[in-house]
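**Q** Got a structure here, written out as structure tokens. Questions coming.
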Amino acid sequence: MTPIQPLPGFRDFLPEDWARQNYIFKKWWEVARRYGFVQWEGPPLEPTELYTKKSGPEIVGQLFNFTDKGEREVALRPELTPTLARVVASHDREFKKPLKWFSMPHCFRYEKQQRGRLREHFQFNADIIGEASLDADVELIALCVDLLREFGFSANDVVVRISDREFWIDFLRAQNVPEEKWQETLQIVDKSEREPREKTATKLGPLAQPVFKILDGEGSSEKLDRAFDALRVRGLADFVQIDLGIVRGLAYYTGIVFEAFDRGGKLRALAGGGRYDNLIHQLSDGAVSLPAIGFAMGDVVLAELINEIPAAKAKMELAVAPQREVDIYIVIAKEERRADALAQIQSLRDRGYRVDFPLAPAKVGKQFQAAEQLGARGAILFGDEWPEVKVKDLHTGEQRLVPSEIIRQTMEEIFRRFVP
Ligand code: HAM
2 MTPIQPLPGF
12 RDFLPEDWAR
22 QNYIFKKWWE
32 VARRYGFVQW
42 EGPPLEPTEL
52 YTKKSGPEIV
62 GQLFNFTDKG
72 EREVALRPEL
82 TPTLARVVAS
92 HDREFKKPLK
102 WFSMPHCFRY
112 EKQQRGRLRE
122 HFQFNADIIG
132 EASLDADVEL
142 IALCVDLLRE
152 FGFSANDVVV
162 RISDREFWID
172 FLRAQNVPEE
182 KWQETLQIVD
192 KSEREPREKT
202 ATKLGPLAQP
212 VFKILDGEGS
222 SEKLDRAFDA
232 LRVRGLADFV
242 QIDLGIVRGL
252 AYYTGIVFEA
262 FDRGGKLRAL
272 AGGGRYDNLI
282 HQLSDGAVSL
292 PAIGFAMGDV
302 VLAELINEIP
312 AAKAKMELAV
322 APQREVDIYI
332 VIAKEERRAD
342 ALAQIQSLRD
352 RGYRVDFPLA
362 PAKVGKQFQA
372 AEQLGARGAI
382 LFGDEWPEVK
392 VKDLHTGEQR
402 LVPSEIIRQT
412 MEEIFRRFVP
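Plus 1 on top of the position in the sequence shown (first one is 1) and you've got our numbering.
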């Protein structure tokens with residue numbers, strides 16, 4: 002019989018994998034806090050209607066949706082932005098604006114599994130609600146760059162490409178494209194980079210030539226120039242590029258949009274976002290109107306790139322190694338001493354040490370092997386010497402007999418040598 006496998010596009014995280022995942026969460030959290038964002042969370046299951054209303058056909062086609070036992074149409078969240086709009090609209094009066102909120106949701110999209118795209122992924126989301134000025138856009142692009150820098154990427158490894166939906170809307174208007182066709186046309190432009198030009202040209206028809214001119218670098222936006230200058234002032238210009246080819250697949254964007262990529266162009270987008278000044282208004286049926294901008298970074302492509310860039314990988318491994326270690330391993334050489342050992346284990350854990358010990362009787366040699374495998378820095382042996390115990394510094398090999406009453410003091414001495 003073959004064992005049951007996880008569903009396609011879903012991951013098992015073994016302890017080593019989850020240690021690396023935690024590294025990603027920790028960096029996301031640290032940088033967001035540096036920028037003064039506060040964390041919030043929403044439900045993983047929402048009414049399907051929340052997405053069908055405004056997210057656009059691409060994401061709606063990818064919903065993990067079903068009818069629940071109460072006959073409600075529900076969907077696992079494919080993204081967090083509609084939830085955020087819903088929450089902000091219903092708690093509008095409780096908070097001073099602007100809100101600077103971040104979250105790290107688990108998201109689900111029923112899409113074809115491929116490199117960088119799974120059916121579940123974690124995202125880092127950061128959004129500023131209630132601020133229409135360009136400074137908010139710049140602050141978020143800077144946050145996106147700083148997240149990437151924090152993982153050890155340089156401007157040779159990654160780039161954030163910034164664009165403006167307003168530029169495209171003006172263009173569509175000037176070309177007399179009817180409003181009901183805008184979304185579809187923008188989707189074609191969004192996909193054009195991943196398709197042969199001829200295919201895009203067929204889809205665009207008479208719009209092909211003017212669109213290709215823009216994609217080839219013709220066209221400029223004063224707003225984007227100002228955003229770029231503001232990023233230059235922060236010393237981040239090397240990480241940013243104005244690129245009108247970015248329009249984003251989601252329907253709700255209204256202004257500046259941006260996406261982060263690896264410079265090699267081998268991977269899917271690391272992050273994406275933009276301004277969505279109408280979404281809160283639309284989802285609250287006009288009850289609340291607030292300008293908003295945000296972005297999300299996914300863990301899947303990020304982890305792929307970390308593994309490809311040696312400096313980023315080394316940084317991760319260095320940070321992850323201590324997460325696996327214990328501080329002290331208790332060796333129980335004589336079973337009669339187990340109770341004394343357990344009393345000591347409790348006291349050391351109360352002091353904040355990470356302590357492990359054999360759950361069942363084992364040979365002393367095996368126990369020292371376990372201590373080594375766990376990366377313990379010290380071992381305490383409870384055996385014939387009781388009421389003295391043997392304390393061993395596992396890095397220097399030095400050992401001494403100490404009365405059991407001063408175990409903690411001795412361990413603290415040993416640890417002081419490691420932790421300055
Ligand atoms: P998005 O571009 O759909 O934007 O997703 C953001 C990031 O999530 C992508 O750049 C990618 O790294 C990751 N991602 C998306 N789908 C998958 C997948 N199937 N597998 C692995 N990773 C994936 C949004 O979700 C917007 N709600 C972002 C936003 C926040 N806009 C304003 N605020």
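Where is the CB? At the ideal position from N, CA and C, for every residue including glycine.
Does at least one heavy atom of the ligand HAM sit under 8 Å from the Cβ of Asn-308?
**A** no
**Q** Quick check: the stretch 323-335 against the stretch 370-383, are at least 3 beta-carbon pairs closer than 8 Å?
**A** yes
**Q** Taking the alpha-carbon positions, what's the Asp-191 to Arg-166 distance?
**A** 11 Å
**Q** Considering only heavy atoms of the ligand HAM, does any lie closer than 8 Å to the CB of Thr-82?
**A** yes
**Q** Work out the CA separation of Arg-87 and Val-420 for me, nearest whole Å.
**A** The predicted model places Val-420 with a pLDDT of 45, which falls under 50 and marks its position as unreliable, so this point remains unresolved.
**Q** Around the Cβ of Gly-274, are there at least 16 other Cβ atoms within 10 angstroms (buried) or fewer (exposed)?
**A** buried
**Q** Is the number of C-beta pairs between the stretch 158-174 and the stretch 305-318 that are closer than 8 Å three or more?
**A** yes
**Q** Under the three-state reduction of DSSP, which class applies to Asp-357: helix, strand or coil?
**A** strand
**Q** What first and last residue would you give for the alpha helix (DSSP H) that runs through Asn-23?
**A** 16-35
**Q** Is it buried or exposed, Trp-19, if we count other Cβ atoms within 10 angstroms and call 16 or more buried?
**A** exposed
**Q** How far does the alpha helix (DSSP H) with Phe-262 in it reach, from first residue to last?
**A** Phe-262 -> not in any alpha helix (DSSP H); beta strand (DSSP E) instead, spanning 257-263.
**Q** Three-state secondary structure (DSSP) at Asp-217?
**A** coil
**Q** Beta carbon of Ala-297, beta carbon of Phe-125: below 9 Å?
**A** yes
**Q** Extract the residue ranges of the beta strand (DSSP E) inside the stretch 190-245, only unbroken runs of 3 or more that lie entirely within it.
**A** Segments of the beta strand (DSSP E) lying fully in the stretch 190-245: 241-243.
**Q** Ends of the alpha helix (DSSP H) at Ala-340?
**A** 339-351
**Q** Just to check my reading of the structure: Val-400 and Val-390 have Cβ atoms closer than 8 Å, yes? What is that Cβ distance to the nearest angstrom?
**A** Checking the sequence, you will find Gln at residue 400 rather than Val. Cβ-Cβ separation between Gln-400 and Val-390: approximately 10 Å, too far for a contact (criterion under 8 Å).
**Q** Within the continuous beta strand (DSSP E) that includes Gly-273, where are the two ends?
**A** 272-276
**Q** Note down the Cα distance separating Ile-170 from Leu-284, rounded to an integer number of angstroms.
**A** 22 Å
**Q** So for Ala-372, helix, strand or coil by DSSP?
**A** helix
**Q** Beta-carbon separation of Ile-130 and Leu-85 under 9 Å?
**A** yes
**Q** Could you tell me which residues DSSP pairs with Ser-164 in its beta bridges?
**A** Val-258
**Q** How should Asp-69 be labelled, buried or exposed, when 16 other C-beta atoms within 10 angstroms of its C-beta is the threshold for buried?
**A** exposed
**Q** Could you spell out where the beta strand (DSSP E) holding Lys-101 opens and where it closes?
**A** 100-104
**Q** Between the C-alpha atoms of Val-403 and Thr-411, what's the straight-line distance to the nearest angstrom?
**A** 8 Å
**Q** Rounding to the nearest angstrom, what Cα-Cα distance links Phe-172 and Ala-33 in this structure?
**A** 35 Å
**Q** Take Trp-29 as the anchor and find which of Phe-152, Arg-110, Leu-216 and Glu-47 has the nearest alpha-carbon.
**A** Nearest C-alpha to Trp-29: Phe-152.
**Q** With a threshold of 7 Å on Cβ separation, who are the neighbours of Ala-143 within its own chain once the five nearest residues in sequence on each side are excluded?
**A** In its chain, beyond the 5 residues on either side, Leu-232, Arg-235 and Leu-237 have a beta carbon closer than 7 Å to the beta carbon of Ala-143.
**Q** Is the distance from the Cβ of Ile-189 to the Cβ of Ser-222 below 9 Å?
**A** Result no, Cβ atoms of Ile-189 and Ser-222 do not sit closer than 9 Å.
**Q** Following a CB-centred definition, is Tyr-36 positioned closer than 8 Å to any heavy atom of the ligand HAM?
**A** No, the beta carbon of Tyr-36 sits no closer than 8 Å to any heavy atom of the ligand HAM.
**Q** Residue range of the beta strand (DSSP E) that Glu-74 falls in?
**A** In the DSSP assignment, Glu-74 falls within the unbroken beta strand (DSSP E) covering 74-77.
**Q** Please name the residue or residues paired with Lys-391 in a DSSP beta bridge.
**A** Leu-382 and Leu-402
**Q** Which of the three DSSP states is assigned to Leu-81 in this structure?
**A** In this structure, Leu-81 counts as coil in the three-state DSSP scheme.
**Q** Around the C-beta of Pro-79, are 16 or more other C-beta atoms found within 10 angstroms, so that it is buried, or is it exposed?
**A** buried
**Q** Where do the N-terminal and C-terminal ends of the alpha helix (DSSP H) with Val-146 fall, by residue?
**A** 135-151
**Q** Specify, as a first and last residue, the run of the beta strand (DSSP E) that Met-298 falls within.
**A** Taken as a continuous stretch (DSSP letters only), the beta strand (DSSP E) holding Met-298 covers 293-299.
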